[in-house]
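**Student:** Just dropping this structure here.
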Amino acid sequence: MKLFDCPIKSPYIQTSTSPTSRISNEANITVTVSGVVFPGNSDWIAMVSPSTTGDLSHLPLLWHYPVKAEYLTNDPGYLSCKMSEYKIRTGRLCLLKTSSGSITFEVVNIRTDIVFAFFSGFYDTPCVLKRGTPLKLANPKSPLIHPYSITDRIQSSSSYKFKYGRTNHWLLTLPKSVPDTDRLSGPPGALFAVEAMIAEVASSNVDAIYHIGDISYATDFLVEWDYFLSQITPPASSVSYMTAIGNHERDYITSGSVYRTPDSGGECGVAYEAYFAMPTTGKDKPWH
Numbered sequence: 060m061k062l063f064d065c066p067i068k069s070p071y072i073q074t075s076t077s078p079t080s081r082i083s084n085e086a087n088i089t090v091t092v093s094g095v096v097f098p099g100n101s102d103w104i105a106m107v108s109p110s111t112t113g114d115l116s117h118l119p120l121l122w123h124y125p126v127k128a129e130y131l132t133n134d135p136g137y138l139s140c141k142m143s144e145y146k147i148r149t150g151r152l153c154l155l156k157t158s159s160g161s162i163t164f165e166v167v168n169i170r171t172d173i174v175f176a177f178f179s180g181f182y183d184t185p186c187v188l189k190r191g192t193p194l195k196l197a198n199p200k201s202p203l204i205h206p207y208s209i210t211d212r213i214q215s216s217s218s219y220k221f222k223y224g225r226t227n228h229w230l231l232t233l234p235k236s237v238p239d240t241d242r243l244s245g246p247p248g249a250l251f252a253v254e255a256m257i258a259e260v261a262s263s264n265v266d267a268i269y270h271i272g273d274i275s276y277a278t279d280f281l282v283e284w285d286y287f288l289s290q291i292t293p294p295a296s297s298v299s300y301m302t303a304i305g306n307h308e309r310d311y312i313t314s315g316s317v318y319r320t321p322d323s324g325g326e327c328g329v330a331y332e333a334y335f336a337m338p339t340t341g342k343d344k345p346w347h
């Protein structure tokens, strides 16, 4: 992402985050921008990782693609200046008033430090107004993925005992009806699907979840895998979560995939096989 200097900058702009301590494996971070003289629809906050981006005094530069971004207009008080400050006064007369706004981001352990930055110019022509202080992760090397293995072939109408970690176990019995998440619709569909799965699992009517293809839609943007795996943790830590590879995990031109499309974004099944290990004897054989 190429950044340019904004034509109009305010010396009063400040950014702050809460909390300011090291980030745990999952946290909600509230970012506040204050001192904005001319608040507009094109103003937005981005979460960028890693935080090392080069020298902002020499623009344009190529910055990392934002992990997340949100317009400040999602704070109802931003454009209306409900949270305003008086910067210059003459007696009782205010000569300059600035606005502020806050956005809350869900952050998971993506293993590299993050920084929040304030932009203007919409998403198409971004220019940087203020860069915040980098935030460190409390456990950047913490293992978040716990693989399991299957020691026998799965057969219909049979029971299998699974071990997750050192102490957690569950029993899988096939067959059993599971929710059809493809029938769920409406934005954001993925959140609705996970909420439905959590509800089904809580009802004790589910022994397993089958997710067949199009797993995270990361398409070579690794942080999407981190958020996806965090999202499915509640149901996947309660019952067996079985997957099968799809075109958005494997297919890529000249990679030997069945279909010569760029659908995986260059992942070529590498990320999928790392996160969802199957009992196979070699690589690029993600079937069981």
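For the sequence shown, the positions run 60 to 347 when the numbering used here is used.
Heads up, the beta-carbon is just placed ideally off N, CA and C, and yes, glycines get one too.
#1: Consult DSSP for Ile274 and reduce its assignment to one of helix, strand or coil.
#2: Which same chain residues, not among the five before or five after Tyr300, have their C-beta less than 8 Å away from its C-beta?
#3: Looking only at its chain, what residues have a beta carbon closer than 7 Å to the beta carbon of Leu138, apart from the 5 residues adjacent to it on each side?
#4: DSSP three-state label for Phe178, please.
#5: State the beta-bridge partners of Met106 as determined by DSSP.
#6: Enumerate in chain order the residues of its own chain whose CB-to-CB distance from Lys344 is below 6 Å, with the five nearest sequence positions on each side excluded.
#7: Ala176: buried (16+ other C-beta within 10 angstroms of its C-beta) or exposed?
#8: Pick out whichever of Asp172, Ile169 and Lys189 has its Cα sitting closest to the Cα of Phe178.
#9: Under a three-way DSSP split, which group does Ile291 fall into?
#10: Please report the straight-line C-alpha distance between Lys342 and Glu332, rounded to a whole angstrom.
#11: To which residues does DSSP link Ala86 through a beta bridge?
#12: If we ignore side chains and look at the alpha-carbon of each, how far apart do Thr278 and Thr171 end up?
#13: Contact check, Val90 vs Ile104 under 8 Å by CB: the rounded distance?
#14: At 3 residues or longer, and completely inside the region 297-335: list those beta strand (DSSP E) runs for me, N to C.
#15: Using three-state DSSP, classify Ala197 as helix, strand or coil.
#16: Please report the distance separating the alpha-carbon of Gly325 from that of Gly94.
#17: What three-state label does DSSP hand Tyr286 in the structure shown?
#18: Hey, could you find the ends of the beta strand (DSSP E) Ser139 is sitting in?
#19: Could you check where the beta strand (DSSP E) with Val187 kicks off and where it finishes?
#20: If you run the structure through DSSP and keep just helix, strand and coil, what is Leu250?
#21: Identify, in the order they occur along the chain, each residue of the same chain with its Cβ nearer than 8 Å to the Cβ of Ile82, setting aside the five sequence neighbours on each side.
#22: Per DSSP, what kind of secondary structure is Ile257 in: helix, strand or coil?
#23: Beta-carbon separation of Thr320 and Ile274 under 9 Å?
#24: If you count every other CB in all the chains shown that lies within 10 Å of the CB of Val126, and 16 or more means buried, which is it?
#25: Out of curiosity, what's the CA-to-CA distance linking Pro135 and Cys327?
#26: Would you mind reading off the limits of the beta strand (DSSP E) that contains Thr76?
#27: Between Glu144 and Pro78, what straight-line distance do the alpha-carbon atoms span, to the nearest angstrom?
#28: Would you check if the distance between the CB atom of Thr313 and the CB atom of Gly191 is smaller than 9 Å?
**Tutor:** Quick look at the numbers:
#1: Coil, per DSSP.
#2: Answer for Tyr300: Ala267, Ile268, His270, Ile291 and Pro294, listed in chain order.
#3: The residues are Pro98 and Thr132.
#4: In the structure shown, Phe178 sits in a strand (DSSP, three-state: E or B).
#5: Met106 is bridged to Lys127 and Phe175.
#6: Once the five neighbours on either side are set aside, Lys344 has no close Cβ partner at all.
#7: Classified as buried, Ala176 has 16 or more neighbouring CB atoms from the shown chains inside 10 Å of its CB.
#8: The residue with the shortest Cα to Cα distance from Phe178 is Lys189.
#9: Of the three classes helix, strand and coil, the one that applies to Ile291 here is coil, per DSSP.
#10: Between the alpha carbons of Lys342 and Glu332 lies a distance of about 8 Å.
#11: Beta-bridge annotation (DSSP): Ala86 is paired with Val166.
#12: Roughly 20 Å separates the two Cα atoms.
#13: About 5 Å separates the two Cβ atoms, so the contact holds.
#14: For the region 297-335, the continuous beta strand (DSSP E) assignments of 3+ residues that do not extend past its boundaries occur at 299-303, in sequence order.
#15: Looking at Ala197 - three-state DSSP - the assignment turns out to be coil, as it is neither helix nor strand.
#16: Using only the alpha carbons, I get a separation of about 42 Å.
#17: Helix.
#18: Premise fails: Ser139 lies in the alpha helix (DSSP H), Gly136 to Ser139, not in any beta strand (DSSP E).
#19: Judged by DSSP secondary structure, Val187 falls within the beta strand (DSSP E) whose first and last residues are Cys186 to Arg190.
#20: Helix.
#21: These residues qualify, in order along the chain: Ile88, Val166, Asn168, Ile173, Leu194, Lys195, Leu196 and Ala197.
#22: Three-state DSSP puts Ile257 in a helix.
#23: Contact: no.
#24: Buried, because 16 or more other Cβ atoms sit within 10 Å of the Cβ of Val126.
#25: If you take the alpha carbons of Pro135 and Cys327, they lie about 43 Å apart.
#26: Annotation for Thr76: the continuous beta strand (DSSP E) segment containing it runs Gln73 to Ser77.
#27: Distance between the alpha carbons of Glu144 and Pro78 is about 23 Å.
#28: Contact flag unset, no.
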